Amino acid sequence: MKRRTLLSAAGLSATAASLAACGSGTPGESKDDADAAGDRTQIEFWHRTFTPFENEWYADIVKQYNDAQDTYFVTDVEVPADAWEQRVKSAQAAGTMPDVYTDPSTVDEGARLGQFLALDDLLDAEQLDDLTDQAKELVTVDGKVYGYPLLLEPQSALFWNKEMFEEAGLDPEKPPTSWDELYETCEKLLPALPDGAFALTTAGDQDTFAWATVGQQYQVSGHFPITDDWSEADTDDPKYEELLGFYKTLREKGYIPKQPLGPYVEAKAYGEKKCAMMTSGSWAFSEIASDYEELLDSTGIAPFPTSDGDLSDSVATLGNFKWVIDAKTEQPEAAADFVSWCLAGDVENLVPFFVGTQFTKAPARPSVADAVQAAPEADDAPWSAVVSEDIAPASISNPSYPWDILLAMGKALEKGMNGEDPAAALKAAGTEIQKVIDREELAGKAPQD
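Numbering (this note's numbering), first residue to last: 59 to 507.
This is the structure we're talking about:
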């Protein structure tokens, strides 16, 4: 089955008030932008609000592009993260999407709905070839490329506090690699932890389980909870029962809290030493570096333990933020030139991004990865090789079937963690998944190689 990346809607979206949408061209530009643009062809670029550094990088790369040539001018629009989904939906409904925008979703749906413009005839072939195999898979549908990835970002990794390990008599340089080793590590940590602290935090609710455990589901069973042709649910597997039992054991033994200490995507609980180990995406190292700098040297990162300890099959899935060109843009050449210059051109345009985000994201281009590892700052970031060489290459891409299918498994995992019968929870998930298959007429619609 073709596996592609989907950073789940639950992981990315939040309900927000509807905002007026800016359209293709530059209707939302300021007077200063209009003056600076002069008689150049103008286009608009949207990106979400990220970390302060990332926001600065986006603004700076647009400025660099505008300063580097006098043919095109790009207006940069930063959209608040909690308003992104509503704003995009409103703009799509009104036919006023920007010319270029960042997109974390599966490319299959956008290509099928005619939302993205294919890049094959707009970018040089060598630029499209200068992508890792995983990155190419993320943006290719039926042999055509519908976006250019900025990064690849493992959505599951194990972080541990080396000082807490030492206090518990554990080897601070040896994190657990299997479920059994994880249980043993948690058992040894508990007596040495401060009051109210836990050995580990993980996903703990159905929405987070839905997207954060897809890699675990595949690693433990070797398949997704839907057949390869998307015709039937495929949840009746004892291996899935083992996965539900894994989280039940963590909860029953008191290794993880009964209620999440915070969102899976944040590192606050870890930073405040409310847990000795944390499961989160590789991005968490950026938060640790910026908000809990005192823990930077004592924090380790490794692949999250697998059921059998074989880390060649990572439990991580790959998040990504690719830049796409709206299919309705009136300036495809200008949009393509912008994407080409920023993402597919000089590697030095991109090195500052990966250095500034603390080497927590994997470049989508091998040439950029080499340049990032050669940066002097990499010597002070030993975790960088773990992310780009150990976790990301072994990660899998999420499937592109509807969110409701992922959520059905998320519900089953939460039920299992809370002590409900695993077989019954998975049967209910299978029933929900089959309803989605029938409702959406998914049979035979699975992406093909």
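Just so you know, even glycine gets a beta-carbon here, dropped at the ideal spot from N, CA and C. From a predicted model like this one, the values you see are computed outputs, not experimental measurements.
- W381 - partner residues in DSSP beta bridges: DSSP links W381 through a beta bridge to T160, Y206.
- Nearest to P505 by alpha carbon, out of P162, G201, Q192, F103? Comparing C-alpha distances from P505 to each of P162, G201, Q192, F103 shows the shortest one belongs to G201.
- Query: Starting from T133 and walking both ways along the beta strand (DSSP E), at which residues does that stretch end?
  - Reply: Judged by DSSP secondary structure, T133 falls within the beta strand (DSSP E) whose first and last residues are 130 to 137.
- Query: Just to confirm, are S458 and T164 a CB contact at a threshold of 7 Å?
  - Reply: Yes.
- Secondary structure, beta strand (DSSP E): runs of 3+ residues fully inside the segment 226 to 270: The segment 226 to 270 contains these whole beta strand (DSSP E) runs: 256 to 259.
- Within the same chain, show all residues whose beta-carbon is closer than 7 Å to that of L240, passing over the 5 residues directly before and after it, in chain order. Around L240: P234, P363.
- Closest residue to S344 among G403, W441, G488, G227 (Cα-Cα distance): Ranking G403, W441, G488, G227 by CA distance to the CA of S344 puts W441 first.
- Task: Work out the CA separation of A151 and R145 for me, nearest whole Å.
- Result: Note on geometry: alpha-carbon atoms of R145 and A151 lie some 10 Å from one another.
- Reducing DSSP to helix, strand and coil, say where K493 ends up. K493 falls in the helix class under three-state DSSP.
- Message: Taking the alpha carbon of V323 as the reference point, which residue from E499, E435, I346, V494 has its own alpha carbon closest?
- Response: Check the Cα spacing between V323 and each of E499, E435, I346, V494: the tightest is with I346.
- Could you give the distance in angstroms between the alpha-carbon of Q416 and the alpha-carbon of E435? Spanning the two alpha carbons is a distance of roughly 9 Å.
- Confirm, please, whether the CB-CB distance from G377 to E211 is below 7 Å. Taking 7 Å as the Cβ cut-off, E211 and G377 qualify as a contacting pair.
- Query: In three-state terms, what does DSSP make of G358?
  - Reply: If DSSP states are grouped into helix, strand and coil, G358 belongs with the strands.
- Message: Measuring straight from C-alpha to C-alpha, what distance separates A67 and W461?
- Response: Here A67 scores only 34 on pLDDT, less than 50, and its place in the model is too uncertain to base an answer on.
- Do G329 and Y350 have their C-beta atoms within less than 7 Å of each other? Between G329 and Y350, the CB-CB gap stays under 7 Å.
- Message: Taking DSSP's pairing of strands, which residues face W104 in a bridge?
- Response: DSSP lists V135, Y159 as partners of W104.
- Task: Helix, strand or coil for L171, going by three-state DSSP, please let me know.
- Result: Of the three classes helix, strand and coil, the one that applies to L171 here is coil, per DSSP.
- Query: Using a C-beta cutoff of 7 Å, does S348 count as contacting chain B?
  - Reply: Among the chains of the structure shown, chain B does not appear; only one protein chain is present.
- Query: Does DSSP classify T418 as helix, strand or coil?
  - Reply: In the structure shown, T418 sits in coil (DSSP, three-state: anything other than H, G, I, E or B).
- What residue from L369, D229, P315, Y116 has the CA that sits closest to E447's CA? For E447, the nearest C-alpha among the options comes from L369.
- Cα-Cα separation between A513 and L401, rounded to whole angstroms: Any property of residue 513 remains undetermined from this structure, which presents the chain solely from 59 to 507.
- Kindly list the residues whose CB is nearer than 7 Å to the CB of H281, restricted to its own chain and excluding five residues on each side of it in sequence; keep chain order. Answer for H281: D292, listed in chain order.
- Indicate the three-state DSSP secondary structure (helix, strand or coil) for S338 in the structure shown. DSSP places S338 in strand when its eight states are reduced to three.
- Item | Terminal residues of the beta strand (DSSP E) in which F217 lies | Run containing F217: 215 to 219, per the beta strand (DSSP E) assignment.
- Selected residue, minimal CA-CA separation from T260, among V199, K493, E472: Ranking the options by Cα distance to T260, first place goes to E472.
- Any 3 or more C-beta pairs closer than 8 Å across the segment 383 to 394 and the segment 241 to 259: With the cut-off at 8 Å, the segment 383 to 394 and the segment 241 to 259 do not touch.
- Task: Could you spell out where the alpha helix (DSSP H) holding V426 opens and where it closes?
- Result: Segment 424 to 431, the alpha helix (DSSP H) holding V426.
- Item | N113 - containing alpha helix (DSSP H), residue span | Element bounds for N113: 110 to 126.
- Nearest to V203 by CA position, among A169, M222, D395, is which residue? The shortest Cα separation from V203 among A169, M222, D395 belongs to A169.
- Item | Same chain, Cβ closer than 7 Å to A226, five either side skipped, listed in chain order | Hits under 7 Å: K246, L247, A250.
- Query: Are D161 and V382 touching if we call contact CB-CB under 7 Å?
  - Reply: Cβ atoms of D161 and V382: closer than 7 Å.
- Take R106 and list the residues in its own chain whose beta-carbon comes closer than 7 Å to its own, dropping the five residues that flank it on each side. Only V137, A139, W142, T160 meet the Cβ criterion.
- Task: Use the C-beta contact count for E242: other C-beta atoms within 10 angstroms, 16 or more gives buried, fewer gives exposed.
- Result: Exposed, by the Cβ-count rule.
- Message: So for T307, helix, strand or coil by DSSP?
- Response: The three-state secondary structure of T307, taken from DSSP, is helix.
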